[in-house]
Amino acid sequence: MQFPLTLTHVLARTEKLFGAVEIVSRRPDSSIHRSSYGEVCARARALASALSAASLERGDRVGTLMWNHAVHLEAYLGVPVAGCVLHTLNLRLHPDELAYIIKHAGDRVLIVDETLLPVYEKLRGQIHPERVIVVSVRGQLPFPECESYGDFLTQGKPGYELPQLDENEAAAMCYTSGTTGVPKGVVYTHRSVILHSLAAALPDAFAIAQADSVLPVVPMFHANGWGVPFAAAMVGSKLVLPGPRLDPVSLLDLLDQEKVTRSGAVPTVWMAILAALDEHPGRWKLQPGLRVLCGGSAVPESMFRAFDRHGIELIHAWGMTELSPLGTVCHLKSSLVDRPESERMATRLKQGLQAPFVEIRAMVGDQEVPWDGETLGELEVRGPWIASSYYNLPDLQERWTTDGWFRTGDIVNVDPEGYVKIADRAKDLIKSGGEWISSVDLENALMGHPAVREAAVVAIAHPKWAERPLAAVILKDGCRAEPEELRAHLSQKFSRWQLPDAFVFLEEIPRTSVGKFQKSRLREMFAGWEWDQTAGGSA
Ligand code: AMP
């Protein structure tokens, strides 16, 4: 049969079959809020009805500025089933960047957490959504344009019926600033979300079953929370949503108390959790079958070994916002499990095998490189949940080849078994605690300081944040500038966590033959930099 792959089906099935399954959210004050798929799905229907009563039409964008909690899940389901587009907003971005993204996407409605009103306050002068709906525990509505989410939900029409959607209609969108300084929107359809959820739930992917208790630490604004909330809702598994409390003790308390069996986060989060486990042996009782998903940056060997010591299985995966985000997942094939430990570890450190329906090739120019585990090429991918363009940015179509593959910008090798290893990035972005920092943007801003002649910013490995920015600066003759002054200058445009933690003042910055900054040389010069442990990060 021709049957549409839509979230409307997921909503109806989950509420019918798994209405009693718990959705647990941690509130900002640390208290636990318990609800269920029954409640979340009913409220998602009410939200859809209210959006329709507010005259939102098919394809209209609804922005969410929210942490991970049950109301965000309501929006994940309720906005798409109304035929609207769930636009999750990265609350860690600078207000100017957020305002640009909201305007570029044309968000007609914004749903904002009460605790994020200070973020909203900083951008409200620059944006003009028609409705600003505040998810409020304490009833705070500080600006005249704000209305309460609870009231909004009551505004739907009685007897409202969800529209019949085509699977190719847009369901969600997300912006990435991953490869250049310009934020780029990626639109996901109902079909792509459903197919991605089916693949993500597979045993050789994230392995999410109905009986699991799933805790996505990865923010729901980062590439659909890696697709985990959609996949969990599709199979009806319990969801545990940590709200804004992302410190390791709070997370370990939840992992223990809610008997979590699946979780996902970037390496930085897991590093902090492992440190807390070592610091307080025996304090938490984690589920024997706990599996944790880790991606966003490469997972170091020390982390695999630490998880092994604690008897927790780590699943290494690679993805991108443009891929919804699942691209590859690393599980050992049955033919490899009896290999010597060193060989197994070498494979586990790779980003893994292509998920079903993700096709891959590593290219140099228009030649595909052999799968010999050595030859490097740029990873190109195609598949049914991979974006075919950026939203309203036709000038960036060169990221897609003429024969329909997406150029990831990641430089990889592929071994004869098909395991992909990310060797480097084509571009020189910095990834700190799972979030991108554009070196080019920082350089441009630094070079806007009156005392700075030239500046190059590079990523240097950091024990906690994976990478942090280091700025190499050449001052103008006769000028002086202290690091604090440069940081203050940059903080007019950047959030605190995006600022370089180290400034080195050089006479000369190494250059390539065509006169560009030779960043690889800079990275070599400052590899092993001793970071001030109190600085930096995206906390
Ligand atoms: P984003 O779109 O923000 O999720 O960033 C995607 C980029 O993160 C990829 O192009 C990679 O460069 C990087 N990335 C994601 N997962 C991994 C991983 N497991 N290992 C290394 N790099 C990764």
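Each residue of the sequence shown is one higher than the one before, starting from 17 at the first, in my numbering. Even glycine gets a Cβ: it sits at the ideal position worked out from N, Cα and C.
Span separating the alpha-carbon of phenylalanine 422 from that of serine 47: As a first step, residue 422 is located in the sequence shown; it is residue number 406 there, counting from the start. As a first step, residue 47 is located in the sequence shown; it is residue number 31 there, counting from the start. Spanning the two alpha carbons is a distance of roughly 44 Å.
Threonine 277 CB to nearest heavy atom of the ligand AMP below 7 Å: Along the sequence shown, read from residue 1 onward, the residue named residue 277 stands at position 261. Answer for threonine 277: no, Cβ out of range of the ligand AMP.
Three-state secondary structure assigned by DSSP to phenylalanine 159: For the purposes of this step, residue 159 is identified with residue 143 of the sequence shown, where counting begins at 1. Phenylalanine 159: coil per DSSP, three-state reduction.
Buried versus exposed call for methionine 336 [16 or more other C-beta atoms within 10 Å across all chains shown]: Counted from its first residue, the sequence shown places residue 336 at position 320. Methionine 336 should be labelled buried.
Boundaries (first-last residue) of the alpha helix (DSSP H) holding cysteine 57: By one-based count along the sequence shown, residue 57 stands at place 41. Cysteine 57 -> alpha helix (DSSP H) spans 53 to 69.
Start and end residues, beta strand (DSSP E) containing tyrosine 435: Numbered from its first residue, the sequence shown carries residue 435 at position 419. That residue, tyrosine 435, is in no beta strand (DSSP E); it is neither H nor E in DSSP.
Closest by C-alpha distance to valine 570, when choosing among Asn84, Pro174, Thr205: Summary: the structure shown does not reach residue 570, with the chain confined to residues 17 through 555, and so no result is reported for it.
CA-to-CA distance, glutamate 185 to phenylalanine 34, given in whole angstroms: Your numbering for residue 34 matches position 18 in the sequence shown. Your numbering for residue 185 matches position 169 in the sequence shown. Their Cα atoms are separated by approximately 26 Å.
Collapsed DSSP secondary structure at valine 530 in the structure displayed: Mapped onto the sequence shown, residue 530 falls at position 514. Annotation note: pLDDT 48 at valine 530 (below 50); position unreliable, coordinate value reported separately. Coil, per DSSP.
Residues bridged to serine 405 (per DSSP): One-based indexing of the sequence shown puts residue 405 at position 389. DSSP output for serine 405 lists no bridge partner at all.
Glutamine 559 - DSSP class collapsed to helix/strand/coil: What the structure shows of the chain is the stretch from 17 to 555, and residue 559 is not part of that stretch, so it cannot be assessed.
Contact between the stretch 275 to 290 and the stretch 48 to 67 (3+ Cβ pairs under 8 Å): no
Methionine 336 beta carbon near the ligand AMP (any heavy atom closer than 7 Å): By one-based count along the sequence shown, residue 336 stands at place 320. It does: the Cβ of methionine 336 is within 7 Å (strictly closer) of some heavy atom of the ligand AMP.
Opening and closing residue of the alpha helix (DSSP H) in which tyrosine 165 lies: Translated into positions along the sequence shown, residue 165 becomes position 149. Start and end: 165 to 169.
Same chain, Cβ closer than 7 Å to cysteine 317, neighbours up to 5 away in sequence not counted: By one-based count along the sequence shown, residue 317 stands at place 301. Here residue 317 turns out to be glutamate, not cysteine, going by the sequence shown. Once the five neighbours on either side are set aside, the close Cβ partners of glutamate 317 are Met361, Leu365.
For leucine 271, the nearest candidate out of Leu107, Gly399, Pro232, Arg415 (CA to CA): Translated into positions along the sequence shown, residue 271 becomes position 255. Ranking the options by Cα distance to leucine 271, first place goes to Pro232.
Rounded separation between lysine 119 and asparagine 460 - CA only: Position 103 of the sequence shown holds residue 119. Position 444 of the sequence shown holds residue 460. Between lysine 119 and asparagine 460, the C-alpha separation is close to 24 Å.
Straight-line Cα distance separating arginine 321 from isoleucine 525: Residue numbering aside, residue 525 sits at position 509 when the sequence shown is read from its first letter. Residue numbering aside, residue 321 sits at position 305 when the sequence shown is read from its first letter. Spanning the two alpha carbons is a distance of roughly 38 Å.
Test item: CB-CB of valine 282 and valine 234 under 8 Å: Here residue 282 refers to the residue found at position 266 when the sequence shown is read from its first residue. Here residue 234 refers to the residue found at position 218 when the sequence shown is read from its first residue. Yes, these two residues count as a Cβ contact at 8 Å.
heavy atom of the ligand AMP below 7 Å from lysine 535 C-beta: The count along the sequence shown starts at 1 and reaches residue 535 at position 519. No, since every heavy atom of the ligand AMP falls outside the 7 Å radius drawn around the Cβ of lysine 535.
Buried versus exposed call for leucine 538 [16 or more other C-beta atoms within 10 Å across all chains shown]: Counting from one through the sequence shown, the residue named residue 538 turns up at place 522. So leucine 538 ends up on the buried side.
Own chain partners of proline 516 with C-beta closer than 7 Å, once the 5 adjacent residues on each side are dropped: In the sequence shown, residue 516 corresponds to position 500, counting from 1. These residues qualify, in order along the chain: Leu458, Val473, Pro485, Leu486, Ala487.
Three-state secondary structure (DSSP) of tryptophan 452: Here the question's residue 452 lines up with position 436 in the sequence shown. The answer is strand: DSSP assigns tryptophan 452 an E or B state.
Stretch-stretch touch, CB-based, cutoff 8 Å, three pairs: the stretch 91 to 102 with the stretch 496 to 510: no
Selected residue, minimal CA-CA separation from histidine 332, among Asp220, Val256, Gly175: Looking up residue 332 in the sequence shown gives position 316. Considering only alpha carbons, the answer is Asp220.
Residues bridged to asparagine 429 (per DSSP): Taking the first residue of the sequence shown as 1, we reach residue 429 at position 413. Beta-bridge pairing links asparagine 429 to Lys437.
Three-way DSSP call (helix, strand, coil) for threonine 205 in this model: Position 189 of the sequence shown, counted from the start, is the residue given in the question as residue 205. It is a strand residue.
Same chain, Cβ closer than 6 Å to methionine 189, neighbours up to 5 away in sequence not counted: For the purposes of this step, residue 189 is identified with residue 173 of the sequence shown, where counting begins at 1. Same-chain partners within the cutoff: Val101, His103, Gly201, Val203.
Contiguous alpha helix (DSSP H) assignments of at least 4 residues, all confined to the stretch 227 to 265: 244 to 251
Histidine 332 Cβ short of 7 Å to the ligand AMP heavy atom set: Here residue 332 refers to the residue found at position 316 when the sequence shown is read from its first residue. Yes.
Within 8 Å, strictly: CB atoms of alanine 217 and isoleucine 224: Within the sequence shown, the letter at position 201 stands for residue 217. Within the sequence shown, the letter at position 208 stands for residue 224. A contact, by the Cβ cut-off of 8 Å.
Proline 283: first and last residue of the uninterrupted beta strand (DSSP E) it sits in: Looking up residue 283 in the sequence shown gives position 267. Looking at the DSSP string, proline 283 is not in any beta strand (DSSP E); the run it does join, the alpha helix (DSSP H), is 283 to 295.
Pair within 8 Å by beta-carbon distance, isoleucine 127 and threonine 80: Here the question's residue 127 lines up with position 111 in the sequence shown. Here the question's residue 80 lines up with position 64 in the sequence shown. Contact flag set, yes.
Heavy atom of the ligand AMP within 7 Å of isoleucine 562 beta-carbon: An answer regarding residue 562 cannot be provided, because it is not within the stretch 17 to 555 covered by the chain.
Exposure of lysine 254, with buried meaning 16 or more beta-carbon neighbours within 10 Å: Taking the sequence shown and counting its residues from 1, the one referred to as residue 254 is at position 238. Lysine 254 should be labelled buried.
heavy atom of the ligand AMP below 7 Å from glutamine 514 C-beta: As a working note, residue 514 is residue 498 in the sequence shown. No.
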